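Student:
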Amino acid sequence: MNLRTCVTASAVVVLSGIAAASPTFSGVAGVNLSAGNVLSAPISLEEGDIFNAMTTPVGSLFGSPDTLMRLVDPAGAEVVFNDDGGSGNGPNSQFGSTIRAAIRVSGVYFLQITGFNDRSFTGAHPEAGPMIFTGSVLGSTPGDFSDSASDNTAAGAVPTGLGVGSAVGFGTLSAGDVDYFAVTMGAGDVLSAMTTGLQSHQLDTLLGVLDANGLLLNNDDAGGDSRGSNFESSLRFVAPAAGTYYIAVTGFGDSDFNGSGHTEDGAYGLTLSVVPAPGAAALLGLGMLAAGRRRR
Ligand SMILES: [Ca+2]
Ligand SMILES: [Ca+2]
Ligand SMILES: [Ca+2]
Ligand SMILES: [Ca+2]
């Protein structure tokens, strides 16, 4: 599977109560949806893994193609489904999808993406255009970065090491804690980011992106679906200028991202990708989804 990226050895993260077997890894791909097509890709997952995925439409920024996404288990049952999940700072409405799933049974699952409103995933839709697919598996190994210090400032931000590509890391919230992660973006680069609670799957996060001056440029509270709950966050952001941006994770109630006003307590995964301006998305290659693409 080419979704895998290099797993770096950083601080060991304990996934409490989770017997994850797969390595932790992330991936990003530019893919095209065509009218009448369903993108379907097999992915091997182990009991205890947490699977995460989001689409970021870039045909028109965050508005088209309007995707639906789901994960299907080895028995053919739908595990989780989402239509529009999370926020976007583009000029259009946000029609990308975000899903999370805690895996209870090992086996070959299918990730499927279709167009609105092909709820049966049979290909009956007119949606067409490029999107960015970002995915990760939170498994038994450390991620690419880890929040360890309790430093509620951008100056203490955890470097993600992310240039163009994807990364996945871990963080922990406690009451009053805000976590900052730094990414370097070029003008027009597109950021896709999502949080996933590790223990309860109901960690109520807020996710923000701030510029170097600390100005909050976009944020999300409840974005996407995870087994019926909707407390975690996902956002899409296009950089207006080249520079360092800060991704901030805090708890519900702290809408100004200064730590006051939240009592959320727990660990989470943070899945990220940064890719060049939308016009270049198709140049990334069809990635993992290409192999599973089928024409009706
Ligand atoms: Ca949608
Ligand atoms: Ca923290
Ligand atoms: Ca939330
Ligand atoms: Ca506050």
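No gaps in the numbering here: position 117 of the sequence shown is 118 in this note's numbering, and each next residue is one more.
Ideal placement from N, C-alpha and C gives every residue a C-beta, glycine not left out.
Treat the numbers as computed from the prediction; the structure is a model and nothing was measured.
1) Between the alpha carbons of Thr-115 and Gly-189, how many angstroms are there, rounded?
2) Would you mind reading off the limits of the beta strand (DSSP E) that contains Ile-104?
3) Counting along the chain, where does the beta strand (DSSP E) carrying Glu-79 start and finish?
4) Exposed or buried, what is Cys-7 when buried is set at 16 or more other beta-carbons lying within 10 Å of its beta-carbon?
5) Which value, in whole angstroms, describes the spacing of the CA atoms of Phe-171 and Ala-158?
6) Is Ala-158 helix, strand or coil when you go by DSSP?
7) Quick check on the DSSP output: the beta strand (DSSP E) that includes Ser-27 runs from which residue to which?
8) What three-state label does DSSP hand Leu-199 in the structure shown?
9) So which of Gly-86, Glu-233, Gly-77 and Ala-176 has the shortest CA-CA distance to Thr-264?
10) CB of Ser-234 to nearest heavy atom of ligand 3: below 7 Å?
11) Using a threshold of 7 Å, is the CB atom of Leu-34 nearer than that to any non-hydrogen atom of ligand 1?
12) Tell me which residues share the same chain as Gly-293 and place their Cβ nearer than 7 Å to its Cβ, disregarding the 5 neighbours each side in the sequence.
13) Smallest Cα separation from Glu-128: which of Leu-163, Pro-58, Asn-231 and Gly-262?
14) For Ala-194, is the beta carbon positioned less than 7 Å from some heavy atom of ligand 3?
15) Any idea which residues DSSP pairs Arg-237 with across the strands?
16) For the putative contact between Leu-72 and Leu-112, defined by C-beta atoms under 8 Å, what is the C-beta separation to the nearest angstrom?
17) Under 8 Å Cβ to Cβ from Tyr-269, same chain only, skipping five residues before and after it: list those, please.
18) Give the secondary structure of Ser-149 by DSSP, where H, G and I count as helix, E and B as strand, and everything else as coil.
19) Within 10 angstroms of its Cβ, does Thr-135 collect 16 or more other Cβ (buried), or is it exposed?
20) Secondary structure at Thr-173, three-state DSSP: helix, strand or coil?
21) May I have the straight-line CA-CA distance separating Leu-163 from Phe-182, to the nearest angstrom?
22) Work out the CA separation of Ala-168 and Asp-145 for me, nearest whole Å.
23) Given this structure, state the Cα-to-Cα distance separating Ala-54 from Thr-99, to the nearest angstrom.
24) Exposed or buried, which one is Asp-180 when buried takes at least 16 other CB atoms within 10 Å?
25) Heavy atom of ligand 1 less than 7 Å from the Cβ of Ser-98, yes or no?
26) Would a C-beta distance cut-off of 8 Å place Leu-192 and Phe-238 closer than the cut-off?
27) On the three-state DSSP scale, how would you describe Phe-117?
Tutor: Working from what's here:
1) Your numbering for residue 115 matches position 114 in the sequence shown. Your numbering for residue 189 matches position 188 in the sequence shown. Each residue's alpha carbon lies about 26 Å from the other.
2) Residue mapping note: residue 104 aligns to position 103 of the sequence shown, counting from 1. First-last for Ile-104: undefined, no H or E at that position.
3) The sequence position of residue 79 within the sequence shown is 78, counting from 1. Where Glu-79 is concerned, the enclosing beta strand (DSSP E) starts and stops at 79–83.
4) Residue 7 sits at position 6 when you count from the first residue of the sequence shown. The predicted model places Cys-7 with a pLDDT of 25, which falls under 50 and marks its position as unreliable; any figure quoted below should be read in that light. Counting the other CB atoms within 10 Å of its CB gives Cys-7 a total below 16, which places it among the exposed residues.
5) Looking up residue 171 in the sequence shown gives position 170. Looking up residue 158 in the sequence shown gives position 157. In this structure, the alpha-carbon of Phe-171 lies about 13 Å from that of Ala-158.
6) Residue mapping note: residue 158 aligns to position 157 of the sequence shown, counting from 1. In the structure shown, Ala-158 sits in coil (DSSP, three-state: anything other than H, G, I, E or B).
7) Taking the sequence shown and counting its residues from 1, the one referred to as residue 27 is at position 26. It spans 26–34 - the beta strand (DSSP E) in which Ser-27 sits, taken as one unbroken run.
8) Residue 199 sits at position 198 when you count from the first residue of the sequence shown. Here DSSP, grouped into helix, strand and coil, assigns Leu-199 to coil.
9) Reading the sequence shown from its first residue, position 263 is the one you call residue 264. The residue among Gly-86, Glu-233, Gly-77 and Ala-176 with its C-alpha nearest the C-alpha of Thr-264 is Ala-176.
10) Taking the first residue of the sequence shown as position 1, residue 234 is located at position 233. Yes.
11) Here residue 34 refers to the residue found at position 33 when the sequence shown is read from its first residue. No - ligand 1 has no heavy atom lying nearer than 7 Å to the Cβ of Leu-34.
12) In the sequence shown, counting from the first residue as 1, residue 293 sits at position 292. For Gly-293, the predicted structure reports a pLDDT of 33, less than 50, and the residue's modelled location is therefore unreliable. The matter cannot be settled from this model.
13) Residue 128 sits at position 127 when you count from the first residue of the sequence shown. Among Leu-163, Pro-58, Asn-231 and Gly-262, the Cα nearest to that of Glu-128 belongs to Pro-58.
14) Residue mapping note: residue 194 aligns to position 193 of the sequence shown, counting from 1. Flag unset: Cβ of Ala-194 not near ligand 3.
15) Taking the first residue of the sequence shown as position 1, residue 237 is located at position 236. Looking at the DSSP assignment, Arg-237 forms a beta bridge with Gly-89 and Ser-193.
16) The sequence position of residue 72 within the sequence shown is 71, counting from 1. The sequence position of residue 112 within the sequence shown is 111, counting from 1. Confirmed, about 6 Å.
17) Taking the first residue of the sequence shown as position 1, residue 269 is located at position 268. Contacts found: Phe-171, Gly-172, Thr-173, Leu-174, Thr-196, Thr-197, Gly-198, Leu-199, Leu-204, Thr-206, Glu-233 and Val-250.
18) Here residue 149 refers to the residue found at position 148 of the sequence shown. Correct three-state label for Ser-149: coil.
19) Taking the first residue of the sequence shown as position 1, residue 135 is located at position 134. The residue in question, Thr-135, is buried, as its Cβ has 16 or more Cβ neighbours within 10 Å.
20) As a working note, residue 173 is residue 172 in the sequence shown. Here Thr-173 sits in strand by DSSP.
21) Residue 163 sits at position 162 when you count from the first residue of the sequence shown. Residue 182 sits at position 181 when you count from the first residue of the sequence shown. Rounded to whole angstroms, Leu-163 to Phe-182 spans 10 Å at the Cα level.
22) Counted from its first residue, the sequence shown places residue 145 at position 144. Counted from its first residue, the sequence shown places residue 168 at position 167. Cα-Cα distance, rounded: 6 Å.
23) Here the question's residue 54 lines up with position 53 in the sequence shown. Here the question's residue 99 lines up with position 98 in the sequence shown. Spanning the two alpha carbons is a distance of roughly 6 Å.
24) Against the sequence shown, residue 180 aligns to sequence position 179. Looking at its Cβ environment, which holds 16 or more other Cβ atoms inside 10 Å, Asp-180 is buried.
25) In the sequence shown, residue 98 corresponds to position 97, counting from 1. Yes, Cβ of Ser-98 sits closer than 7 Å to a heavy atom of ligand 1.
26) Here residue 192 is taken as the residue at index 191 of the sequence shown, counted from 1. Here residue 238 is taken as the residue at index 237 of the sequence shown, counted from 1. For Leu-192 and Phe-238, yes; Cβs fall inside 8 Å.
27) The residue given as residue 117 occupies position 116 in the sequence shown. In this structure, Phe-117 counts as coil in the three-state DSSP scheme.
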